[in-house]
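To keep things clear, I will list the structure first and then write my remarks on it.
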Amino acid sequence: MAGAGGPPVTSAGSGSRSTTSRPTPGTDPRAVPGPAAARARHRGSPDGPRRAAIRHSAVRRSDQRCNGPRREVDPGGVKRILAALSALTLTGTLLTGTAHAAPVAGGYTPSNGARVALDVPLLIAGGATNGESGDVTAVDITFDGGQTWLPTEYQGERWLYRYTPTEEGEVTYHLRAWGSGGPGGVRGPFRFFAGGTAEPPTPDCPCLLGLPALPHRPEVDDPDQAPVEVGVRVRVDSPGYLVGAFIHRGTHTGPLTAHLWSADGTLLAEAVSPAERYVSDVDFPTPVPVVPGQEYVVSYFTPAGGYRVTEDYFSAAMATAPYATSEGAGVYSYGGGFPTQSWNNSNYWVRPIMHTRTNG
Numbered sequence: 043m044a045g046a047g048g049p050p051v052t053s054a055g056s057g058s059r060s061t062t063s064r065p066t067p068g069t070d071p072r073a074v075p076g077p078a079a080a081r082a083r084h085r086g087s088p089d090g091p092r093r094a095a096i097r098h099s100a101v102r103r104s105d106q107r108c109n110g111p112r113r114e115v116d117p118g119g120v121k122r123i124l125a126a127l128s129a130l131t132l133t134g135t136l137l138t139g140t141a142h143a144a145p146v147a148g149g150y151t152p153s154n155g156a157r158v159a160l161d162v163p164l165l166i167a168g169g170a171t172n173g174e175s176g177d178v179t180a181v182d183i184t185f186d187g188g189q190t191w192l193p194t195e196y197q198g199e200r201w202l203y204r205y206t207p208t209e210e211g212e213v214t215y216h217l218r219a220w221g222s223g224g225p226g227g228v229r230g231p232f233r234f235f236a237g238g239t240a241e242p243p244t245p246d247c248p249c250l251l252g253l254p255a256l257p258h259r260p261e262v263d264d265p266d267q268a269p270v271e272v273g274v275r276v277r278v279d280s281p282g283y284l285v286g287a288f289i290h291r292g293t294h295t296g297p298l299t300a301h302l303w304s305a306d307g308t309l310l311a312e313a314v315s316p317a318e319r320y321v322s323d324v325d326f327p328t329p330v331p332v333v334p335g336q337e338y339v340v341s342y343f344t345p346a347g348g349y350r351v352t353e354d355y356f357s358a359a360m361a362t363a364p365y366a367t368s369e370g371a372g373v374y375s376y377g378g379g380f381p382t383q384s385w386n387n388s389n390y391w392v393r394p395i396m397h398t399r400t401n402g
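Dropping the structure here:
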């Protein structure tokens, strides 16, 4: 049954889906990784950080399920709050852990009202839940009000769809989650804008770069032990100040040095994080003003590798205001310095924090 305000659910036929049976999804939208032999890179190779047998961490990051928080609090305390939050609302009124009579899905990225480029592949991603039962088997997406339902890539309450906007204007989509008993209600609309030159509205910050967990792409500890700088290249779409970084830590628990760079490699800020486990939140000594439309790199240097990584993550553009990332946004540099190289669209879990005011 369609949710209030949702699009009609059509019967089976050409370009549509039945509400009682769901065909097997087609081609996996993930980028196909290279051959296994290509992953055995020696340390310091220009092709990317060395890969070997990797293990999943037993520590589940509290913010893997979270949208980028936007809180009116003092800048000195915001990152501690970000680290402690464990269940925030996904866009579209989907609350993790809330009891529902049927499975429901919500959108995470692009954030509502975000502006994306035309003719550039985009990752649309979000989550799904069915209360404590966890009975969600699939998520579908529609861009035409329910006339045509398309399968997303789905695993473990996370879904992903690769989409390329070809016409300028507002893009609207709806979602439908499936459980063992059939489909749940339709959720939406979710909206973003393709093309155009108007600046998106300035969000209420502080804002953490949103990096949702994606299906079939685990966050793992890399066994690499070489000194390396790893980070993320982001574009900011609103005026404000970059004030620090939130870092998911790997097996290296010693001190780290965080850096903020301009697009041309000029060092704008530097701060040392003490020895910690699991996560580090780093404050730059002084808030750094940023220019809308410009790219910046936020990274950290580890003297002994041991970083967190998710491969095949930045395989297309993503947009969670006030940030946007492009394909290959994860960057590194062996030995330190301005990171410019990329490997297999890896995400090194470095999340800049932005304020729209110097006092938070």
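Numbering-wise (our numbering), the sequence shown opens with residue 43 and increments by one. Beta carbons: idealized from backbone N, C-alpha and C, even for Gly. In this text, all values refer to a predicted model and were calculated from it rather than measured experimentally.
Taking C-beta to C-beta, are residue i and residue j nearer than 8 Å?
i	j	result
Ala219	Gly226	yes
Pro394	Leu284	yes
Thr171	Ile183	no
Pro327	Ala313	yes
Thr299	Tyr342	yes
Val339	Gly273	yes
Glu209	Thr352	no
Gly230	Pro145	no
Pro163	Ala363	no
Glu271	Ser388	no
Leu217	Gly155	no
Val158	Ala305	no
Gly188	Val213	no
Thr398	Cys247	yes
Ile289	Val321	yes
Thr367	Val373	no
Asp263	Arg350	yes
Ala180	Tyr196	yes
Pro254	Ala167	yes
Pro269	Gly370	no
Thr425	Gly238	The shown model of the chain, from 43 to 402, leaves out residue 425, and the question about it has no answer.
Val297	Ser315	Per the sequence shown, the amino acid found at residue 297 is Pro instead of Val. Taking 8 Å as the Cβ cut-off, Pro297 and Ser315 qualify as a contacting pair.
From the DSSP output, read off the bridge partner residues of residue i.
i	result
Phe234	Val213
Pro225	Trp220
Asp182	Pro193, Arg218
Tyr205	Leu164
Phe288	Asp323, Arg393
Thr362	Tyr365
Asn172	Glu174
Tyr283	Pro331, His397
Gly155	None; Gly155 has no bridge partner.
Gly273	Ser341, Val373
What is the residue span of the beta strand (DSSP E) that residue i lies within?
i	result
Asp323	321 to 332
Thr151	146 to 151
Ser341	337 to 344
Ser384	Unbroken run through Ser384: none, as it is neither H nor E.
Leu375	Note on identity: in this sequence residue 375 is Ser, with Leu being the wrong assignment. Note, Ser375: beta strand (DSSP E), 372 to 376.
Glu199	Counting along the chain, Glu199 falls outside any beta strand (DSSP E), and DSSP gives it neither H nor E.
Compare the C-alpha of residue i against each of the options and name the closest.
i	options	result
Ala311	Tyr320, Ala317, Val324, Arg319	Val324
Gly169	Ser153, Ala147, Ala371	Ala147
His294	Pro265, Arg277, Gly307	Pro265
Leu160	Glu271, Tyr205, Pro254	Tyr205
Arg275	Pro269, Gly307, Pro245	Gly307
Gln336	Glu212, Leu253, Gly282	Gly282
Gly348	Leu250, Tyr390, Gly211, Gly370	Tyr390
Ser153	Ser384, Gly377, Leu250	Leu250
Glu174	Phe380, Arg319, Glu199, Gly238	Glu199
Asp177	Gly377, Gly224, Phe380	Gly224
Gly286	Arg277, Pro297, Leu302, Gly296	Leu302
Thr190	His258, Tyr215, Val333	Tyr215
Phe232	Pro245, Thr244, Phe185	Phe185
Pro207	Leu309, Asn386, Phe234	Phe234
Met396	Gly211, Ser384, Pro245	Pro245
Gly379	Arg259, Val392, Leu309, His258	Leu309
Does the ligand NAD have a heavy atom nearer than 7 Å to the CB of residue i?
i	result
Tyr203	The ligand content of the structure shown is nil, which means the ligand NAD is not present either.
Run through the segment 287 to 317 for me and flag every whole alpha helix (DSSP H) of 4 or more residues, listed as ranges in chain order.
-> none
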